[in-house]
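Read top to bottom, the protein sequences are chains G and W. Quick note on full-length UniProt numbering: the first sequence kicks off at 1 and runs consecutively. Quick note on full-length UniProt numbering: the second sequence kicks off at 1 and runs consecutively. Ideal Cβ positions, reconstructed from N, Cα and C, are used throughout, including at glycine. Since the model is a prediction, treat every value here as computed from it, not as a measurement. What follows is one structure encoded as structure tokens, with my remarks underneath.
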Amino acid sequence: MSNVAVSVDHVSKSFRMYSERNDSLKSTVMRRKKSVHEDFWALKDISFEVPQGKTFGLIGRNGSGKSTLLKCLAKILWPESGSITANGKQASLLEVGSGFHPELTGRENVFLNGSILGMTRKEVTRKFDEIVSFSGVGHFIDQPVKNYSSGMYVRLGFSVAIAVTPDILVVDEVLSVGDATFQKRCRTKFAEMKGEGRTVILVSHSMNTVKEMCDEVAWLDSGELQTIGPAQEVIDAYQLTV
Amino acid sequence: MTYMTDLVSSRELLANLTAREVKGKYRRTVFGQLWSLINPLATMLIYTIVYSFIFKARLEVGDPSGLHFYPLWLMCGLLPWIFFRSVLNAGMSSIVANGSLIKKVYFPRMNLPLATVGAHGFTWMIEMAFLVVVLACFGSFIWPWIPVVAFFMVMLAAFATGLALMLAIVNVHFRDMQHLIGIALQMWMYLTPIIYPLTLVQNAADKANKPWILHLYKLNPMERFSTVFRNLMYDNRWPHWSDSLACILLAAVSLALGYFVFSRNEKKLAELL
Ligand SMILES: Nc1ncnc2c1ncn2[C@@H]1O[C@H](COP(=O)(O)OP(=O)(O)O)[C@@H](O)[C@H]1O
Ligand SMILES: [Mg+2]
């Protein structure tokens, strides 16, 4: 089991923080000045490897760069330097239910969302019953999703995302959304994925969740990698600083 | 070319996004898809009244079809124009409008503007099918020309797609570009022989003895497309080879440029939104 699922190699990511930004033609023409910005480094030279089949946690204060790192893993953001290599099919769940269209029914949205996450129509058709039963939205599946409660919205979105059965699943704080039953279901699902040799990379603010689920944990602070190692040790070190 | 393989492998997503556009647009309205037909009909009525009753302008006679009916003549140029305008408007705003999706999920972003092309292309196809039937009822021998019309529909779609791809990127940097293009498109329409015939400009240029006016006027790419569609559908004849060639070249250059610009800028989109 020395295989590496994801390798992050000297990754740095900066954002442009505009103090004066020309984001319209009008301001560009009227002000006759260039935009003023400084670079803000959200990730500074991060390197680590995530072993295959392990559940890997990311912890750190708000704004420490966890979501930014996950977005780099998910190919939503592209680092200024360094590289990220993923071995296997990857799916990310950065926000549940994004990509749902309110006017379309749950059924139509499952197919749409499934294809956004990279599933084929055949795959979605095959897993459709499983998705619906996991989500527990029942006969609401043929209602427009704008009539859904926010809980149902979240559950359906999550059900689609896990149906992708990726080799590497990247999850950002999704566990904190939804009620207790749903959270328990998610945890069971993650444990199941681990049993199948899949890799999960997750961010959570609940140290209990991280302790319970993760094998290895990385602690980020102000965009820098503080410590990486077995869950218990890193969490203890982190909690000393809070 | 890895971007291309990425794009090709997400064709199912493109189909679904297109379906989302088509379904979402008319889902809540009583007549549903019917609205997409009522819109051009209303426009046709307005221009017909203005053109034939207020201006009392001369009618164009189809050669060799012998057609002699302004609304039909108008629609052969207006429907392609409406498609072109819709693709530019919707395509350029598609990236900004789907910002939340782009910031949360990875997929080849080009699918978003392409889906608007697909959705408006779908509407356009229905409209053109209607027009073909009506033209046939009025005595146009249009049937053998349908494959050629379809070919030039693809060319216009490619031309519009290329422009929309470039404008979508520009719109992310300058959010008011949308409004500017809206105004520009209005002016563009009046600079194109859509509601009046090219002969009007020709006569004016001849009368003033300034032939360069016509040359300048014909630099407008949409003049070529509108002439080609009229030749095929209203007149039932082959368009001039130079017009056909211009359309094909315009389509190829625009699409290639749009693809290049978009794929070069796509990675930066998420943080710019
Ligand atoms: N698109 C962006 N533009 C500018 N700054 C950003 C952007 N996204 C994140 N940041 C900044 O990067 C830092 C890290 O954010 P984030 O990764 O969301 O932190 P976390 O998820 O650990 O709370 C924050 O200071 C945030 O303000
Ligand atoms: Mg975060």
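Element boundaries [beta strand (DSSP E), containing residue i]
{"i": "I84 of chain G", "result": "S81 to A86"}
{"i": "E60 of chain W", "result": "E60 of chain W -> no beta strand (DSSP E), and no H or E assigned at all."}
{"i": "P51 of chain G", "result": "V36 to P51"}
{"i": "D9 of chain G", "result": "V4 to E20"}
{"i": "F260 of chain W", "result": "That residue, F260 of chain W, is in no beta strand (DSSP E); its alpha helix (DSSP H) goes W241 to N265."}
{"i": "A91 of chain G", "result": "Q90 to L93"}
{"i": "F159 of chain W", "result": "Premise fails: F159 of chain W lies in the alpha helix (DSSP H), I146 to H173, not in any beta strand (DSSP E)."}
Within 9 Å, strictly: CB atoms of residue i and residue j
{"i": "L73 of chain G", "j": "V6 of chain G", "result": "yes"}
{"i": "K54 of chain G", "j": "E233 of chain G", "result": "no"}
{"i": "G151 of chain G", "j": "Q52 of chain G", "result": "no"}
{"i": "E80 of chain G", "j": "S12 of chain G", "result": "yes"}
{"i": "V137 of chain G", "j": "L112 of chain G", "result": "no"}
{"i": "S35 of chain G", "j": "R175 of chain W", "result": "no"}
{"i": "D39 of chain G", "j": "S64 of chain G", "result": "no"}
{"i": "N111 of chain W", "j": "L17 of chain W", "result": "yes"}
{"i": "L13 of chain W", "j": "S27 of chain G", "result": "no"}
{"i": "G62 of chain W", "j": "Y234 of chain W", "result": "yes"}
{"i": "M155 of chain W", "j": "L250 of chain W", "result": "yes"}
Residue i: CB within 8 Å of a non-hydrogen atom of ligand 4
{"i": "S222 of chain G", "result": "Ligand 4 is not part of this structure, which contains only ligand 1 and ligand 2."}
8 Å CB neighbourhood of residue i in its chain, flanking five on each side removed
{"i": "V117 of chain W", "result": "V87, G91, A157, A160, T161 and A164"}
{"i": "L272 of chain W", "result": "V172 and H173"}
{"i": "M1 of chain G", "result": "Its pLDDT being 47, under 50, M1 of chain G is placed unreliably by the model, and nothing is read from it."}
{"i": "K268 of chain W", "result": "none"}
Cβ neighbours of residue i in the same chain (closer than 6 Å, five flanking residues each side left out)
{"i": "Y3 of chain W", "result": "S263"}
{"i": "S92 of chain G", "result": "A74 and V170"}
{"i": "P108 of chain W", "result": "D6, L7 and S10"}
{"i": "E224 of chain G", "result": "K44"}
{"i": "R16 of chain G", "result": "H37"}
Cβ-heavy atom distance, residue i to ligand 2, below 8 Å
{"i": "E173 of chain G", "result": "yes"}
{"i": "K13 of chain G", "result": "no"}
{"i": "V203 of chain G", "result": "yes"}
{"i": "N231 of chain W", "result": "no"}
{"i": "S67 of chain G", "result": "yes"}
Proximity test, residue i beta-carbon vs ligand 1 heavy atom, cut-off 8 Å
{"i": "E38 of chain G", "result": "no"}
{"i": "G99 of chain W", "result": "no"}
{"i": "M207 of chain G", "result": "no"}
{"i": "R61 of chain G", "result": "yes"}
{"i": "S47 of chain G", "result": "no"}
{"i": "R16 of chain G", "result": "yes"}
{"i": "residue 280 of chain W", "result": "Residue 280 of chain W lies beyond the residue range present for chain W, which begins at 1 and ends at 273; the question has no answer from this structure."}
Sequence-distant residues of the same chain with beta carbon closer than 7 Å to residue i, five excluded per side
{"i": "V210 of chain G", "result": "G57, I59, S204, V217, A231 and I235"}
{"i": "S244 of chain W", "result": "V228"}
{"i": "A19 of chain W", "result": "none"}
{"i": "I82 of chain W", "result": "P40"}
Alpha helix (DSSP H) segment containing residue i, residue limits
{"i": "G91 of chain W", "result": "Y70 to A97"}
{"i": "P40 of chain W", "result": "L34 to T48"}
Neighbouring residues, chain A, relative to residue i (Cβ below 8 Å)
{"i": "F122 of chain W", "result": "The structure shown has no chain A; the protein chains it does contain are G and W."}
For this session: Pull out every residue of the segment 173-184 of chain W whose Cβ sits closer than 8 Å to any Cβ of chain G, in chain order.
Result: H173, F174, R175, D176, M177 and L180
Exercise. Which residues, taken in chain order from the segment 94-112 of chain G, show a beta carbon closer than 8 Å to some beta carbon of chain W?
Worked result: L94, E95, S98, G99, H101, E103, L104, E108, F111 and L112
Problem set entry | Residues in the segment 135-150 of chain G having any Cβ partner in chain W nearer than 7 Å | none
For this session: Taking a Cβ distance cut-off of 8 Å, strictly less, list which residues of the segment 79-90 of chain W are near chain G, in chain order.
Result: none
Problem set entry | Cβ-based contacts, 7 Å cut-off: residues of the segment 90-105 of chain W near chain G | S100, L101, K103, K104 and V105
For this session: Could you name the residues of the segment 34-51 of chain G whose beta carbon sits closer than 8 Å to any beta carbon of chain W, in the order they occur along the chain?
Result: none
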